[in-house]
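A.B. asks: So the working numbering is basically just the index in the sequence shown, starting at one, shifted up by 6.
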Amino acid sequence: MDRLAQDYSLEITYKSYYLRPDIPPEGIVRPLKDGEKVGDSLTGHIGEVAAEAGLTMRRAPLTPNTRMAFEASEFAKVKGLFEQFHRACYRALWEDGVDLGQLSVLLHLGEQVGLDAQEMKNILDTGHYESQAKEQYDEALSMGVTGIPSFIIGGYFFSGAQSYETFKKVVEMVKNPLQLL
Numbered sequence: 007m008d009r010l011a012q013d014y015s016l017e018i019t020y021k022s023y024y025l026r027p028d029i030p031p032e033g034i035v036r037p038l039k040d041g042e043k044v045g046d047s048l049t050g051h052i053g054e055v056a057a058e059a060g061l062t063m064r065r066a067p068l069t070p071n072t073r074m075a076f077e078a079s080e081f082a083k084v085k086g087l088f089e090q091f092h093r094a095c096y097r098a099l100w101e102d103g104v105d106l107g108q109l110s111v112l113l114h115l116g117e118q119v120g121l122d123a124q125e126m127k128n129i130l131d132t133g134h135y136e137s138q139a140k141e142q143y144d145e146a147l148s149m150g151v152t153g154i155p156s157f158i159i160g161g162y163f164f165s166g167a168q169s170y171e172t173f174k175k176v177v178e179m180v181k182n183p184l185q186l187l
């Protein structure tokens, strides 16, 4: 997304989507496929798209409850540090297999990117951004979002891990609508 934003001077708006609201606060153990181990690089389409984007995605041991992470992300947005916090959370989950459902993990990641840990803790303890996260989730559901990642570019909705070339084609279609005829 960074490359696309730079190549086309796009503004990207990130929104929270609570993929699995049914996950308990302690998370759930991720089932492994035959021969798979925790920490293995993801394979298939997701692994290919991640590699193309220069990202590492490893099999995490746990699917975390991400409610607090979404609220922490809203806090990071207000402080102008969303992208840094988002990247730190991505690395923690997909590279290091860390449980993003743990307050201590989120506070540590926040501190790493320059957020005040005590202020963040107070925000998370009070549920200050809970309503914003819920509103974004409800908005996503109303748009037909059922999974992540999902994208809306110029009114076109698509979901799933996509290559840079796919994004580029969508942006070109939006920029030059006559090409659709």
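Ideal Cβ positions, reconstructed from N, Cα and C, are used throughout, including at glycine.
All values derive from a computational prediction rather than experimental measurement.
From the DSSP output, which residues share a beta bridge with R64?
C.D. replies: BP columns for R64 point to S47.
A.B. asks: Compare the C-alpha of P30 against each of H134, T72 and N182 and name the closest.
C.D. replies: Comparing Cα-Cα distances from P30 to each of H134, T72 and N182, the minimum goes to T72.
A.B. asks: Apart from the five residues on each side of it in sequence, which residues of its chain come closer than 7 Å, Cβ to Cβ, to Y14?
C.D. replies: Closer than 7 Å at Cβ, skipping near neighbours: V177.
A.B. asks: Along the chain, where does the alpha helix (DSSP H) that runs through Y96 open and close?
C.D. replies: Per DSSP, Y96 belongs to the alpha helix (DSSP H) from F88 to Y96.
A.B. asks: Between which residues of its own chain and H51 is the CB-CB distance below 7 Å, once the five residues before and five after are set aside?
C.D. replies: Result list for H51: A167, in chain order.
A.B. asks: Hey, could you find the ends of the alpha helix (DSSP H) I129 is sitting in?
C.D. replies: Counting along the chain, the alpha helix (DSSP H) containing I129 begins and ends at A123 to T132.
A.B. asks: Applying the 10 Å Cβ sphere with the 16-neighbour rule, what's the burial state of L186?
C.D. replies: Because the pLDDT of L186 is 49, which lies under 50, any placement of that residue in the model is unreliable, and the number read from its coordinates should be weighed accordingly. Result: exposed.
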